[in-house]
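Peer 1: In my numbering, the protein residues as written are 146 to 367. We put the beta carbon where it would ideally sit given N, CA and C, even for glycine.
1) Determine the extent of the alpha helix (DSSP H) in which residue 341 is found, giving its start and end residues.
2) I'd like the list of long-range same chain contacts for residue 282, defined as Cβ closer than 7 Å, with 5 residues on each side in sequence excluded.
3) Go ahead and pull the three-state DSSP assignment for residue 285.
4) When burial is assigned at 16 or more other CB atoms within 10 Å of the CB, is residue 323 buried or exposed?
5) Grab the span of the alpha helix (DSSP H) containing residue 335 for me, first residue to last.
6) Would residue 336 and residue 230 qualify as a contact pair, given that the criterion is a beta-carbon distance under 7 Å?
7) What are the complete alpha helix (DSSP H) segments, minimum 4 residues, inside the stretch 179-234?
8) Mapping DSSP to helix, strand and coil, what is residue 278?
9) Compute the minimum distance between the beta carbon of residue 267 and the heavy atoms of the ligand SAH, and state whether it is under 6 Å.
10) To the nearest whole angstrom, what separates the beta carbons of residue 190 and residue 204, a pair I think is in contact under 8 Å?
11) Considering only the beta carbon of each residue, do residue 236 and residue 217 sit closer than 7 Å?
12) Just to confirm before moving on: does the CB-CB distance between residue 311 and residue 361 stay below 7 Å?
13) Of the choices 173, 165, 160 and 296, whose alpha-carbon is the least far from that of residue 347?
14) Judging by CA-CA distance, which residue of 227, 294, 273 and 195 is the nearest neighbour of residue 246?
15) Contact between the stretch 175-183 and the stretch 155-166 is defined here as three or more beta-carbon pairs at a separation below 8 Å; is this criterion met?
16) Straight-line CA distance for residue 279 to residue 300?
17) Between which residues of its own chain and residue 186 is the CB-CB distance below 7 Å, once the five residues before and five after are set aside?
18) Using only CA atoms, which one of 259, 208, 270 and 359 lies nearest to residue 297?
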């Protein structure tokens with residue numbers, strides 16, 4: 146199983162750079178400022194990957210961050226802010242396909258370290274997955290592949306992370322929260338642009354922390 150060393154938020158310059166870029170990305174999403182997002186957001190996963198390599202994270206988890214990078218680039222395109230929910234949903238499906246690679250890499254790393262699917266954690270996440278898929282099916286059918294397919298991959302990550310380390314477990318839960326907020330934006334907030342943008346900022350903040358804590362939970366050194 147992975148180590149469980151405790152880290153201060155700014156334990157290393159790479160970590161500081163990642164958190165700074167993450168904060169800037171969250172603020173840019175909430176404003177919103179696409180210009181800042183296009184500059185800052187693509188730096189997130191490379192910075193986290195560099196820190197993961199330094200801290201001897203599993204190779205599969207580090208490589209999986211490439212999927213996260215691809216998803217980030219896709220979701221920061223103009224289609225992500227389209228006034229058409231259908232266009233947003235189609236863009237989300239493309240991003241979800243890339244992020245699924247990220248999640249599968251986490252599955253491999255967590256399973257190799259001994260994490261297993263336990264009954265109660267799995268059952269606890271089942272209603273969340275079913276609920277998300279149900280909302281998408283009822284309100285935005287075009288977003289169902291992301292809600293159901295990627296949602297299942299994310300639920301598995303969270304379930305395995307629950308059996309790994311506390312940081313990984315927190316990261317898995319934050320990932321579910323982040324993607325739940327994305328679904329809320331697509332289905333419930335489309336007529337409220339200001340609230341939609343603020344929620345997008347919350348999506349970015351929870352996503353940045355989710356990735357960080359998952360990697361923290363899989364690293365062998367501080």
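Peer 2: If we stick to the structure as given:
1) Mapped onto the chain shown, residue 341 falls at position 196. For residue 341, the enclosing alpha helix (DSSP H) begins and ends at 338-361.
2) Taking the chain shown and counting its residues from 1, the one referred to as residue 282 is at position 137. Once the five neighbours on either side are set aside, the close Cβ partners of residue 282 are 289.
3) Within the chain shown, the letter at position 140 stands for residue 285. Correct three-state label for residue 285: coil.
4) As a working note, residue 323 is residue 178 in the chain shown. Buried: at least 16 other Cβ atoms inside 10 Å.
5) Position 190 of the chain shown holds residue 335. No alpha helix (DSSP H) contains residue 335, which DSSP labels as neither H nor E.
6) By one-based count along the chain shown, residue 336 stands at place 191. By one-based count along the chain shown, residue 230 stands at place 85. Cβ atoms of residue 336 and residue 230: not closer than 7 Å.
7) 179-185, 189-199 and 204-220
8) Your numbering for residue 278 matches position 133 in the chain shown. Residue 278 sits in a helix when the DSSP states are folded into three classes.
9) The model depicted lacks the ligand SAH and carries no ligand whatsoever.
10) Walking along the chain shown from the start, residue 190 turns up at place 45. Walking along the chain shown from the start, residue 204 turns up at place 59. With a Cβ gap of about 15 Å, residue 190 and residue 204 do not count as contacting.
11) Translated into the one-based positions of the chain shown, residue 236 becomes position 91. Translated into the one-based positions of the chain shown, residue 217 becomes position 72. In this structure, residue 217 does not lie closer than 7 Å to residue 236 by Cβ.
12) Taking the first residue of the chain shown as position 1, residue 311 is located at position 166. Taking the first residue of the chain shown as position 1, residue 361 is located at position 216. No, Cβ-Cβ distance for residue 311 and residue 361 is not below 7 Å.
13) Position 202 of the chain shown, counting from 1, holds the residue named residue 347. Ranking the options by Cα distance to residue 347, first place goes to 173.
14) For the purposes of this step, residue 246 is taken as the residue at position 101 of the chain shown. When each option's Cα is compared against that of residue 246, the closest is 294.
15) Output reads no: the stretch 155-166 does not touch the stretch 175-183.
16) Indexing the chain shown from 1 puts residue 279 at position 134. Indexing the chain shown from 1 puts residue 300 at position 155. Taking the straight line joining both Cα atoms gives about 15 Å.
17) Position 41 of the chain shown, counting from 1, holds the residue named residue 186. Excluding residues within five positions, the ones whose Cβ falls inside 7 Å are 170, 217 and 221.
18) Residue mapping note: residue 297 aligns to position 152 of the chain shown, counting from 1. Selected option, being the one with the closest Cα: 270.
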